[in-house]
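Colleague: Quick note, my numbering runs 425 ahead of the 1-based positions in the sequence shown.
Ideal Cβ positions, reconstructed from N, Cα and C, are used throughout, including at glycine.
Since the model is a prediction, treat every value here as computed from it, not as a measurement.
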Amino acid sequence: MSLVLVVQAKRISNVVNNSKLRIMTKQIKKRLEYLREELRQERISYGELAELQSLAEHIDKSDVELLEAAGVPENN
């Protein structure tokens, strides 16, 4: 394979990976909003709380409501 084809393949791979990452990020944000609503309606399950904890790294640092429910200590 020529160097040009390798570089083009790498660029295409990066575009595909970036697209997948954006889709995953949107799905995570959507799921966090679902979990927020379950929390507010006081019907969040233990499994959903565990899921929220697993998504803690994706919660905005200023989102006290979700961070607290996820068990993230203050000032982290």
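Find the nearest neighbour of E463 within the set L474, I453, K454, judged by alpha-carbon distance.
Modeller: Numbered from 1 along the sequence shown, position 38 holds the residue referred to as residue 463. The shortest Cα separation from E463 among L474, I453, K454 belongs to L474.
Colleague: Tell me where the alpha helix (DSSP H) around Q466 begins and ends.
Modeller: As a working note, residue 466 is residue 41 in the sequence shown. Run containing Q466: none; DSSP gives neither H nor E here.
Colleague: By the 10 Å Cβ neighbour count, where 16 or more other Cβ atoms means buried, how is I448 classified, buried or exposed?
Modeller: As a position in the sequence shown, residue 448 is number 23, starting the count at 1. It counts as exposed.
Colleague: Going straight from the alpha carbon of T487 to that of E493, what length do you get?
Modeller: Looking up residue 487 in the sequence shown gives position 62. Looking up residue 493 in the sequence shown gives position 68. One point to set straight first is that residue 487 is Ser, not Thr, in the sequence displayed. Straight-line Cα distance between these residues: approximately 11 Å.
Colleague: In the structure shown, what three-state DSSP assignment does V440 receive?
Modeller: Against the sequence shown, residue 440 aligns to sequence position 15. Reduced to three states, the DSSP call for V440 is helix.
Colleague: State buried or exposed for L428, treating a residue as buried only when at least 16 other CB atoms are found within 10 Å of its CB.
Modeller: Working through the sequence shown from its first residue, we reach residue 428 at position 3. It counts as exposed.
Colleague: Quick check: the Cα distance between A495 and Q433, rounded to an integer number of angstroms?
Modeller: Sequence index remark: in the sequence shown, residue 495 carries index 70 (1-based). Sequence index remark: in the sequence shown, residue 433 carries index 8 (1-based). Cα-Cα distance, rounded: 42 Å.
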